[in-house]
Amino acid sequence: MHYKFQSSTLKNKLFIFDIDGTLTDSVSMYLISVTQSLLSFGITDIDTDYNNYKHHTDSYALRYNYERNFQNDLPDNLLDDFEEDLVRQMLNFDPVKEIMGAKSVIQFFRDNDISFCFATGALPKPAMLKLDQCDIWYDEQILATSKTHESREGFVIEAIERSKSFYSRSDFDQIISVGDGLWDLKTAQNLSLDFIGIGSKNEAKLLDHGAKHCFHDLIEFKKHLF
Numbered sequence: 045m046h047y048k049f050q051s052s053t054l055k056n057k058l059f060i061f062d063i064d065g066t067l068t069d070s071v072s073m074y075l076i077s078v079t080q081s082l083l084s085f086g087i088t089d090i091d092t093d094y095n096n097y098k099h100h101t102d103s104y105a106l107r108y109n110y111e112r113n114f115q116n117d118l119p120d121n122l123l124d125d126f127e128e129d130l131v132r133q134m135l136n137f138d139p140v141k142e143i144m145g146a147k148s149v150i151q152f153f154r155d156n157d158i159s160f161c162f163a164t165g166a167l168p169k170p171a172m173l174k175l176d177q178c179d180i181w182y183d184e185q186i187l188a189t190s191k192t193h194e195s196r197e198g199f200v201i202e203a204i205e206r207s208k209s210f211y212s213r214s215d216f217d218q219i220i221s222v223g224d225g226l227w228d229l230k231t232a233q234n235l236s237l238d239f240i241g242i243g244s245k246n247e248a249k250l251l252d253h254g255a256k257h258c259f260h261d262l263i264e265f266k267k268h269l270f
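Here the working numbering = 1-based position in the sequence shown + 44.
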């Protein structure tokens, strides 16, 4: 199920892009990197059922596993160290590849002055490395991450506020979250945002949970932007 966007109204909308699994083919590699990084900090009892976490974010994964291992609060400086180590772990793998059509979609948005931003459960430096490896354009000013908010709702709201400043807008006629995961959909629903599902892997699940518009891939999504 999907709709056709009218090109004349696209400039009044804001599209919020998830990164892992939506723009970059990085989910499996990144979960391994998270696990290896946690181990490097002496966290040995790791809950690797990441899909069932309360928050699907790096900052929550670190705090949750640290506190359950050491029965103590997370030290203030450890999130920064974790972020740096995640980059080191990622560099043990081959460079990330884009989800087919990702670079083209982002370039289309830029070429047509359509407002967009990025909201990701990753931390900033790992997120930027993935985008860099895929040669996908971004600006840090419109990149919201779990560095400041453990919950997806928190950094999605931050992405919207960053976008208002970046694009010099007081508001948008419509805000659309674009993602591949059920947590992306739930966050959009919690914030009363519109949602577009990307990818066939979770399409049935997304539709079952109330998604109204899903595309098999980004190429199909782009075709509906004209």
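Just so it is clear, CB atoms sit at the ideal spot from N, CA and C, and this is done for glycine as well.
Original post:
Does DSSP classify LEU82 as helix, strand or coil?
Top reply: Position 38 of the sequence shown, counted from the start, is the residue given in the question as residue 82. Correct three-state label for LEU82: helix.
Practice prompt. Identify whether LEU106 lies in helix, strand or coil by the three-state DSSP scheme.
Written response: Locating residue 106 in the sequence shown gives position 62, counting from the first residue. Residue state, collapsed to three classes: helix.
Quiz item: Near MET73, what residues of its chain come up, given a Cβ to Cβ distance below 6 Å and the 5 sequence neighbours on each side ignored?
Solution: Looking up residue 73 in the sequence shown gives position 29. Only PHE137 meet the Cβ criterion.
From LYS249 to ASN156, what distance separates their C-alpha atoms?
-> Reading the sequence shown from its first residue, position 205 is the one you call residue 249. Reading the sequence shown from its first residue, position 112 is the one you call residue 156. Rounded to whole angstroms, LYS249 to ASN156 spans 32 Å at the Cα level.
Just the C-alpha distance for ASN116 and LEU187, rounded to the nearest angstrom, thanks.
-> Locating residue 116 in the sequence shown gives position 72, counting from the first residue. Locating residue 187 in the sequence shown gives position 143, counting from the first residue. Going from the Cα of ASN116 to the Cα of LEU187 covers about 31 Å.
Once you ignore the five residues that flank LYS169 on each side, which residues in its own chain have a CB closer than 8 Å to its CB?
For the purposes of this step, residue 169 is taken as residue 125 along the sequence shown, with counting starting at 1. Excluding residues within five positions, the ones whose Cβ falls inside 8 Å are GLU127, GLU128, LEU130, VAL131.
- Message: Rounding to the nearest angstrom, what Cα-Cα distance links LEU269 and GLN133 in this structure?
- Response: As a position in the sequence shown, residue 269 is number 225, starting the count at 1. As a position in the sequence shown, residue 133 is number 89, starting the count at 1. Within the model, the alpha-carbon separation for LEU269 versus GLN133 is close to 37 Å.
ask   = Can you tell me where the beta strand (DSSP E) with LYS57 in it begins and where it stops?
value = Position 13 of the sequence shown, counted from the start, is the residue given in the question as residue 57. For LYS57, the uninterrupted beta strand (DSSP E) run begins and ends at 57 to 61, by DSSP.
*My guess is that THR101 and ILE90 are in contact by the Cβ rule of under 8 Å, so how many angstroms apart are they, rounded?*
Here residue 101 corresponds to residue number 57 of the sequence shown, with the count starting at 1. Here residue 90 corresponds to residue number 46 of the sequence shown, with the count starting at 1. Actually they are not in contact, since the Cβ atoms of THR101 and ILE90 sit about 15 Å apart, beyond 8 Å.
*Taking the DSSP output, what are the residues bridged to LEU187?*
In the sequence shown, counting from the first residue as 1, residue 187 sits at position 143. For LEU187, which the question treats as bridged, DSSP gives the partners PHE162.
### Query
Which first and last residues belong to the alpha helix (DSSP H) in which ASP124 is found?
By 1-based counting over the sequence shown, the position of residue 124 is 80. Unbroken alpha helix (DSSP H) run through ASP124: 122 to 134.
With a cut-off of 8 Å, does the C-beta of LEU237 fall near any C-beta of chain B? The question asks about chain B, but that chain is absent: this structure has only one protein chain.
Q) Sorted by chain position, which residues of the same chain lie with C-beta nearer than 8 Å to LYS55's C-beta, five sequence neighbours on each side aside? A) Against the sequence shown, residue 55 aligns to sequence position 11. Excluding sequence neighbours, LYS55 sits near ASN156, ASP157, ILE158, SER159.
ask   = Whose C-alpha, out of SER148, ILE87, TYR104, is nearest the C-alpha of SER195?
value = As a first step, residue 195 must be located in the sequence shown, where it is residue number 151. The shortest C-alpha separation from SER195 is found at TYR104.
Which same chain residues, not among the five before or five after HIS149, have their C-beta less than 6 Å away from its C-beta?
-> For the purposes of this step, residue 149 is identified with residue 105 of the sequence shown, where counting begins at 1. Per the sequence shown, residue 149 should be read as Val rather than His. The answer, listed in chain order, is LEU262, LYS266.
Using the Cβ count rule (16 or more neighbours within 10 Å means buried), how would you classify GLU18?
No answer is possible for residue 18: it lies beyond the span of the chain, which begins at 45 and ends at 270.
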